[in-house]
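*Asks:* Structure incoming, see below.
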Amino acid sequence: MIRGIFDFFESNGGGMVSAELTAFDAKARGNNVDVMWNTASETNSDHFDVERADVMAAAMPPLQRWVR
């Protein structure tokens, strides 16, 4: 997970959103995953785009690894 985050930042110009997470959880629900989080603070953001790495991410070029 952490390596994937750094890959994303590196391939997207290093841009980060300033958000302080207080909780993060993910649970499988059939073929889906429910992702839940709480933030203590957010700066200059009006929404979040949640992305996941493709199963074959290691074999793909950096800009094609993430699926929205």
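Read left to right, the sequence shown gives residues 50 to 117 (the working numbering). Where a beta carbon is used, it is the ideal one built from N, C-alpha and C, also for glycine. Quick caveat: nothing in here was measured; it's all calculated off a predicted structure.
1) Report the partner residues of F97 according to the DSSP bridge assignment.
2) Using a Cβ-Cβ cut-off of 6 angstroms (strictly less than) and excluding sequence neighbours within five positions of A68, which residues of its own chain qualify?
3) Could you pull out every residue in the same chain whose Cβ sits closer than 8 angstroms to the Cβ of L70, ignoring the five residues on either side in sequence?
4) Tell me whether N80 sits in a helix, a strand or coil according to DSSP, three-state version.
*Replies:* Taking the structure as given:
1) Answer is none; F97 lacks a bridge partner.
2) T88 and E91, listed in sequence order.
3) W86, N87, T88 and A89
4) coil
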